[in-house]
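The sequence shown begins at 1 in full-length UniProt numbering and counts up one residue at a time.
A short write-up of the structure that comes next.
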Amino acid sequence: MAPEVTRSQPYNEKCDVFSFGIILNELITGEYPYVETEYGPFQIASGVCGQEKLRPALPKKDGQIMKELIHLILLSWNENPSIRPSFAKIASTLKRIQSQPFESIPI
């Protein structure tokens, strides 16, 4: 859940972009978000929007494609919604990444 949602601020596309970043990270790592913590749901929500800026652990895989995906995840998680990419930008980035030569990514 985007930090601004936990603060009861207006909901918009950028909130969904934040959630997309969380899901993309989960797909790449194969792990549920925040499993590395012992936090409950309230603590996670507080950590996401608090000083801590809690985010799930990033993938620990190498390669140019992975670097680009991690960059996209980090942009999507940005605390400032205006810095998060639009879904049009996300789609064009993913299409560009998809057109690159295949890299073997161990899962």
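Just so you know, even glycine gets a beta-carbon here, dropped at the ideal spot from N, CA and C.
Here the structure is a predicted model, which is why all the values come from computation and not from measurement.
Tell me the residue span of the alpha helix (DSSP H) that contains residue 91.
Residue numbering aside, residue 91 sits at position 91 when the sequence shown is read from its first letter. Run containing residue 91: 87 to 98, per the alpha helix (DSSP H) assignment.
Going by the beta-carbon positions, is the gap between residue 81 and residue 56 smaller than 8 angstroms?
Stepping through the sequence shown from its first residue, residue 81 is reached at position 81. Stepping through the sequence shown from its first residue, residue 56 is reached at position 56. For residue 81 and residue 56, no; Cβs fall outside 8 angstroms.
Got a sec? Which residues, its chain only, sit under 7 angstroms from residue 68 by beta carbon, not counting five neighbours each side?
Counted from its first residue, the sequence shown places residue 68 at position 68. Same-chain partners within the cutoff: 97.
DSSP three-state call for residue 38: helix, strand or coil?
Within the sequence shown, the letter at position 38 stands for residue 38. Three-state DSSP puts residue 38 in coil, outside helix and strand.
Please classify residue 35 as buried or exposed, where buried requires at least 16 other C-beta atoms within 10 Å of its C-beta.
Numbered from its first residue, the sequence shown carries residue 35 at position 35. Exposed, since its Cβ has fewer than 16 Cβ neighbours within 10 Å.
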